[in-house]
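Heads up, the thing below is written out as structure tokens.
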Amino acid sequence: MCDLAAIINIIGKETARLILGLIGVLIVVVVNALVLTWVERKVSGHMQKRIGPKEVGPYGLIQPFADGLKLLGKELLTPANVDKPLYYLAPVIVFIPVLVSFIVIPFDGFLQVKDINVGILVILAFSSLSVLSILIAGWGSNNKYSLIGATRSVAQNIAYEIPLLLSLLPVAFMANSLSLRDIVEVQRQGWFVWRWQFFAFLIYFIAATAETNRTPFDLPEAESELVAGFHTEYSGMRFALFFLAEYTNIFIASAIATTFFLGGYLGPVLPGIVWFFIKTYFLVFVIMWFRWTFPRVRFDQLLNFSWKILIPVAFANLILTGGILKL
Amino acid sequence: MVKDVIIGAISLIKGMGVTIKAFFSPVVTVQYPRETINITPRFRGHTKLVADPEDPEKTSCIVCGMCERNCPSNSIKVEGEKKEGEKKKTLKRYILNFTTCSHCGLCVETCPVDALAFSADYNPADFKKETFYYDLMLEFEKRKKR
Amino acid sequence: MVREISDRFKEKFPSIEPKEIPYEQRGYHLFIEAEKNNIVDIAGFFRNEGFYLADLCCVDYVDYLELVYFFNNHNKLCRIKVTVKTDPDKPSAPTISHIYNMAHWYEREIHEFFGVFFEGHPFMVYLFLHDGIDHYPLRKKNVPVPEWDRQILNSFRPEEQEDGFFLNLGPQHPSTHGVLRVVVKMNGEYMLSAEPVLGYLHRMHEKMAENRTYQQFLPNAARMDYLGALNFNLGYVATVEKLCGIEAPERAQYIRTITCELNRISSHLLWFGAFVADLGGLTPFLYTFDDRENILDILEATAGSRLTYSYFRFGGLYNDLDENFVDAVKQFITRLRSRFSMYENLVTGNVIFINRVKNIGVMDKGYPIRYGCSGPVIRSTGIPFDIRRHEPYAVYDRIDFRIPTGTTGDNMDRYLVRIQEMEISLDIIEKALKDLPAGPYKAEKIPKKLKPPKGDIYHTIESPRGELGVYIVSDESDVPYRMRWRVPSYSNLMTFPELARGSLIADAIATLGSYDLVIPEIDR
Numbered sequence: 205m206c207d208l209a210a211i212i213n214i215i216g217k218e219t220a221r222l223i224l225g226l227i228g229v230l231i232v233v234v235v236n237a238l239v240l241t242w243v244e245r246k247v248s249g250h251m252q253k254r255i256g257p258k259e260v261g262p263y264g265l266i267q268p269f270a271d272g273l274k275l276l277g278k279e280l281l282t283p284a285n286v287d288k289p290l291y292y293l294a295p296v297i298v299f300i301p302v303l304v305s306f307i308v309i310p311f312d313g314f315l316q317v318k319d320i321n322v323g324i325l326v327i328l329a330f331s332s333l334s335v336l337s338i339l340i341a342g343w344g345s346n347n348k349y350s351l352i353g354a355t356r357s358v359a360q361n362i363a364y365e366i367p368l369l370l371s372l373l374p375v376a377f378m379a380n381s382l383s384l385r386d387i388v389e390v391q392r393q394g395w396f397v398w399r400w401q402f403f404a405f406l407i408y409f410i411a412a413t414a415e416t417n418r419t420p421f422d423l424p425e426a427e428s429e430l431v432a433g434f435h436t437e438y439s440g441m442r443f444a445l446f447f448l449a450e451y452t453n454i455f456i457a458s459a460i461a462t463t464f465f466l467g468g469y470l471g472p473v474l475p476g477i478v479w480f481f482i483k484t485y486f487l488v489f490v491i492m493w494f495r496w497t498f499p500r501v502r503f504d505q506l507l508n509f510s511w512k513i514l515i516p517v518a519f520a521n522l523i524l525t526g527g528i529l530k531l
Numbered sequence: 002m003v004k005d006v007i008i009g010a011i012s013l014i015k016g017m018g019v020t021i022k023a024f025f026s027p028v029v030t031v032q033y034p035r036e037t038i039n040i041t042p043r044f045r046g047h048t049k050l051v052a053d054p055e056d057p058e059k060t061s062c063i064v065c066g067m068c069e070r071n072c073p074s075n076s077i078k079v080e081g082e083k084k085e086g087e088k089k090k091t092l093k094r095y096i097l098n099f100t101t102c103s104h105c106g107l108c109v110e111t112c113p114v115d116a117l118a119f120s121a122d123y124n125p126a127d128f129k130k131e132t133f134y135y136d137l138m139l140e141f142e143k144r145k146k147r
Numbered sequence: 018m019v020r021e022i023s024d025r026f027k028e029k030f031p032s033i034e035p036k037e038i039p040y041e042q043r044g045y046h047l048f049i050e051a052e053k054n055n056i057v058d059i060a061g062f063f064r065n066e067g068f069y070l071a072d073l074c075c076v077d078y079v080d081y082l083e084l085v086y087f088f089n090n091h092n093k094l095c096r097i098k099v100t101v102k103t104d105p106d107k108p109s110a111p112t113i114s115h116i117y118n119m120a121h122w123y124e125r126e127i128h129e130f131f132g133v134f135f136e137g138h139p140f141m142v143y144l145f146l147h148d149g150i151d152h153y154p155l156r157k158k159n160v161p162v163p164e165w166d167r168q169i170l171n172s173f174r175p176e177e178q179e180d181g182f183f184l185n186l187g188p189q190h191p192s193t194h195g196v197l198r199v200v201v202k203m204n205g206e207y208m209l210s211a212e213p214v215l216g217y218l219h220r221m222h223e224k225m226a227e228n229r230t231y232q233q234f235l236p237n238a239a240r241m242d243y244l245g246a247l248n249f250n251l252g253y254v255a256t257v258e259k260l261c262g263i264e265a266p267e268r269a270q271y272i273r274t275i276t277c278e279l280n281r282i283s284s285h286l287l288w289f290g291a292f293v294a295d296l297g298g299l300t301p302f303l304y305t306f307d308d309r310e311n312i313l314d315i316l317e318a319t320a321g322s323r324l325t326y327s328y329f330r331f332g333g334l335y336n337d338l339d340e341n342f343v344d345a346v347k348q349f350i351t352r353l354r355s356r357f358s359m360y361e362n363l364v365t366g367n368v369i370f371i372n373r374v375k376n377i378g379v380m381d382k383g384y385p386i387r388y389g390c391s392g393p394v395i396r397s398t399g400i401p402f403d404i405r406r407h408e409p410y411a412v413y414d415r416i417d418f419r420i421p422t423g424t425t426g427d428n429m430d431r432y433l434v435r436i437q438e439m440e441i442s443l444d445i446i447e448k449a450l451k452d453l454p455a456g457p458y459k460a461e462k463i464p465k466k467l468k469p470p471k472g473d474i475y476h477t478i479e480s481p482r483g484e485l486g487v488y489i490v491s492d493e494s495d496v497p498y499r500m501r502w503r504v505p506s507y508s509n510l511m512t513f514p515e516l517a518r519g520s521l522i523a524d525a526i527a528t529l530g531s532y533d534l535v536i537p538e539i540d541r
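Residue numbers (the numbering used here), protein chains in the order written: chain A, 205 to 531; chain B, 2 to 147; chain C, 18 to 541.
Put into structure tokens, the structure is as follows:
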């Protein structure tokens, strides 16, 4: 124990906190992905009047571990004609932005790896990086389906980044801060979703669903059209990394929605972290609910929806909020 | 435009209502190896030999070969022998190649003495092809003993 | 109608005498013996008269090869058989694919199976047998394929073309429902051309039929269309019955109608789920399976199997109805009727779904005549063409039912037509159950070995996908001399290249899903 104290003394408290936080984040990421795969299968199962996994462990709870083990044990296949450096790189860099985003999310009043005063910007900047990895995966796979999926993904992410940003800005205006903890603390007077920002919440949520490539916006991996889209050629652990990143992205998108619109960790009786997870997982459930209800939109409709409806409405909302605040 | 968006949103919410209702309603699937459903009496599994109503020790097969000739896939081989002191041939071996059988029931239908029937064996599985070259005579003997 | 056409034909072609044929025995009204030099004009004549090409096949009579063209009219029943004889040593005929687009694939099929060379045909490559053949498979004698013909057959090589972005949709692809391969030339998300490649599930049922007795072929019919197995079963059984002059008892006919309609509903339900799954909505698939399971249970209790029934026999049925059948069916009718509103909420009214299918894959009224499409695909264009009404079989002539039609012929119309058809099928079942007579379920004195009289017969029924035609040539033995299956998905799929040209890949997949393709049926 005293070794640890010595180490902390040497590297400084702030750095130690960062390292510990990152380890914690890694654990959360993995556990979250495991839980979410189980939840998704159960949710889809019951929505389709099936039961979902049930054989491995009670209620199939161990199933994600079994799947993870299987994926770990699989041979890492590399198709013959891939662009090897890019092909290997993509699953690695799909994960970095995800980890960084976690650093600024306040799980509780004190449970935050680092409170950066430009928290939103960090998240937005890094989340747009994930599209790069998809593009690299699609290009490096040297597969036509992958390439189509990747190009779709780029167009989609560019189109939906804008409403995403525009819907978060009014909240930052109202909170007068870009720090995520400040935004939560301001909501002690009432959640932003009820304080004139309901439309911003809707727009954010739709855009976030699109950003995370979930049905009805799952065009990059549109199963019935593109087989598996950008990760057609990936298998084993490389595929698992994409999978992990997808579920972590869903979690982050929901966590940001919770932080910005649903009062983050605020809530009566229960500890803050519990409230945070309840709210976040409810939103995750809604995203899953979307997936198991809707068909997929078409590519041009997707872009039209963003450019013709979401962005104008988000802009109007932003100007309105800014105007009212200024007055 | 605004109207379209609202109508669209309502239709989406309606759809979500359907799935959430299903989410909270009981499942309809049967957890197969743990639970099974009843096989209907007319189920057409592989064929089996039926005991002679007069003499339950024997099959009523007269080794006429009708089933063998009528089988569309040549899945049946019937071998009989003529025992001493008996007028009719008796069945020695009845080989059903179940790998090529298509459950059409022509053998059951054409049998002049109704010596064949369908079994309710619905889940045969094995790694070897040879397992499915059934000798129905052996199977009949086994059933008789039980 | 028949007389009129006959007169007009004689006016136009004074040298050819159309023979009137007893329709009850042969399944067609007129027989015209054409020659190679006038078949194109005759086809043009029928095209002008509003006839569509129902079928085009070939029969090898050893001394000569006979091409058989069947024409029919969508509005009024008038089946016309036109034959062209050709020399077996160097068989050839002029193409009519510029008149009827449908002939395009049929002529390719005849070319690879019989070696008949169609002069002027633009694209005579392999349709089914891409592995290559050393002799023409459906010829009665062993005729080796000459080298020049093999080169023609092998000339489709998209992988060697460098000037484009080719995408193979299938044979392993989630949305082709089996093993259809479509070679697509793409420009970004747009399809420049689409060329279906068939034959991945080709089993040559037509050749198999020439090697087994009429009874022995019974289980094969169900294997062609596993979703509409009873309908195919009925198509075959009814054709042979007509050929041999066997009359099935009343009760059997009613039961055939009821079970066929149940089968139609189960097929449409599966299509419904699969179509929405093609568009990305996976949940309705499971709901329709839940409903479909009820039908399968009912039919299993009666027929003994769940998918490939072979329930109908010459002169009747395999066995009588299960004692619970009537109650179970009534229960099912109530259940399914209550589910339609749920499907309406989940799918039909869904704005995403509507935007994905409305005005996509539009077929005008010219398509059915050019391509001979049938079933819900033709009804979606607004033509109320349904064999059950057009050329009634079983007891459909005694039951009054509505034929749902669409207006624009887009994917939405094809979808709505099928949904309405399910409701109408429920009505038909209800009416038939009410009138279900008692009595024997099988005709007496059906010979164990059928030896139909010499001659040919063409008989059609309405399968869930459209017009199913069976053409049998009998030579008085217990084995058919030639059996030809005209399958509905085949001619429906033919419209795909034209509809897909210039469309988005997502739309093309929606269109492909809206056909309700069953690949084993196309490949036979």
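All C-beta atoms in this analysis are idealised placements derived from N, C-alpha and C, irrespective of residue type, glycine included.
In this structure the stretch 142-155 of chain C touches the stretch 211-219 of chain C; the number of beta carbon pairs closer than 8 Å is three or more. Taking CB atoms only, Met-441 (chain A) has no neighbour in chain C less than 7 Å away. The C-beta of Trp-343 (chain A) comes no closer than 7 Å to any C-beta of chain C. Taking the Cα of Ile-477 (chain A) as reference, the smallest distance to any Cα among A:Ile-407, A:Glu-437, A:Phe-314 and A:Lys-288 is reached at A:Phe-314. At a cut-off of 4 residues, the continuous stretches assigned as alpha helix (DSSP H) that sit fully inside the stretch 411-475 of chain C are 428-452.
Just measuring C-alpha positions, the residue of A:Val-304, A:Glu-389, A:Ile-266 and A:Leu-265 sitting nearest Thr-452 (chain A) is A:Val-304. In the structure shown, the three-state DSSP call for Arg-94 (chain B) is strand. Of the residues assessed, Leu-273 (chain A) falls on the exposed side of the cut-off, its CB having fewer than 16 other CB atoms within 10 angstroms. Under the 8 Å Cβ criterion, the stretch 13-33 of chain B counts as touching the stretch 243-253 of chain A, having at least three qualifying pairs. Assignment of beta-bridge partners to Thr-60 (chain B) by DSSP yields B:Ala-52.
Taking C-beta separations shorter than 6 Å and ignoring five residues to either side along the sequence, the partners of Thr-422 (chain C) in its chain run Arg-396, Gly-399 and Pro-401, following chain order.
Proximity of chain A to Ser-26 (chain B) at the Cβ level (cut-off 9 Å) is accounted for by His-250 and Lys-253, in chain order.
The C-alpha of Val-19 (chain B) is placed about 19 Å away from the C-alpha of Phe-292 (chain C).
Within the same chain, Cβ atoms closer than 7 Å to the Cβ of Glu-437 (chain A) are found at Pro-283, Val-286, Ser-345, Asn-347 and Ser-350, the five residues on either side in sequence being excluded. Residue burial annotation: Val-343 (chain C) is exposed, with fewer than 16 other C-beta atoms found within 10 angstroms of its C-beta.
Not a single CB atom of chain C sits nearer than 7 Å to the CB of Thr-413 (chain A).
Rounded to the nearest whole angstrom, the CA to CA distance from Leu-313 (chain C) to Val-390 (chain A) is 60 Å. DSSP links Glu-82 (chain B) through a beta bridge to B:Thr-91. Taking Arg-387 (chain C) as reference, the option from C:Ala-71, C:Ala-527, C:Met-203 and C:Lys-448 with the minimal CA-CA separation is C:Ala-71. Assignment of alpha helix (DSSP H) within the stretch 482-528 of chain A, counting only whole runs of 4 or more residues, yields 503-508 in chain order. Residue range 393-397 is occupied by the alpha helix (DSSP H) that includes Val-394 (chain C). Only those residues of the stretch 503-514 of chain A whose C-beta falls short of 7 Å from the nearest C-beta of chain B are listed: Ile-513.
In terms of Cα proximity to Tyr-134 (chain B), the closest of B:Lys-143, B:Glu-58, B:Arg-144 and B:Cys-102 is B:Cys-102. Beta-bridge annotation (DSSP): Phe-48 (chain C) is paired with C:Lys-36 and C:Lys-98.
Annotation: Asp-136 (chain B) is outside any alpha helix (DSSP H); the continuous beta strand (DSSP E) that includes it extends over 134-136. Contact residues of the stretch 348-373 of chain C toward chain A are Leu-363, Val-364, Asn-367, Ile-369, Phe-370, Asn-372 and Arg-373 (C-beta to C-beta distance below 9 Å). Distance from the CA of Arg-502 (chain A) to the CA of Val-234 (chain A), rounded to the nearest whole angstrom, comes to 33 Å. In the DSSP annotation of this structure, the continuous segment of the beta strand (DSSP E) that includes Asp-72 (chain C) starts and ends at 68-77. Within the stretch 260-286 of chain C, contact with chain B at the beta-carbon level (separation under 8 Å) is assigned to no residue. In its chain, beyond the 5 residues on either side, Ser-192 and Asp-295 have a beta carbon closer than 7 Å to the beta carbon of Ile-526 (chain C). Secondary structure of Leu-279 (chain C) (DSSP, three-state): helix. Under the rule that a run must span 4 or more residues, the alpha helix (DSSP H) segments found entirely inside the stretch 334-404 of chain C read 342-360, 368-374, 383-388 and 393-397. When secondary structure is reduced to three states using DSSP, Lys-202 (chain C) falls in the strand class. The beta-carbon of Pro-497 (chain C) is placed no less than 7 Å from the nearest beta-carbon of chain B. Chain B places a beta carbon closer than 7 Å to that of Trp-496 (chain A), counting this residue as a contact. Taking C-beta atoms as the reference points, Phe-396 (chain A) and Gly-526 (chain A) fail to come closer than 7 Å.
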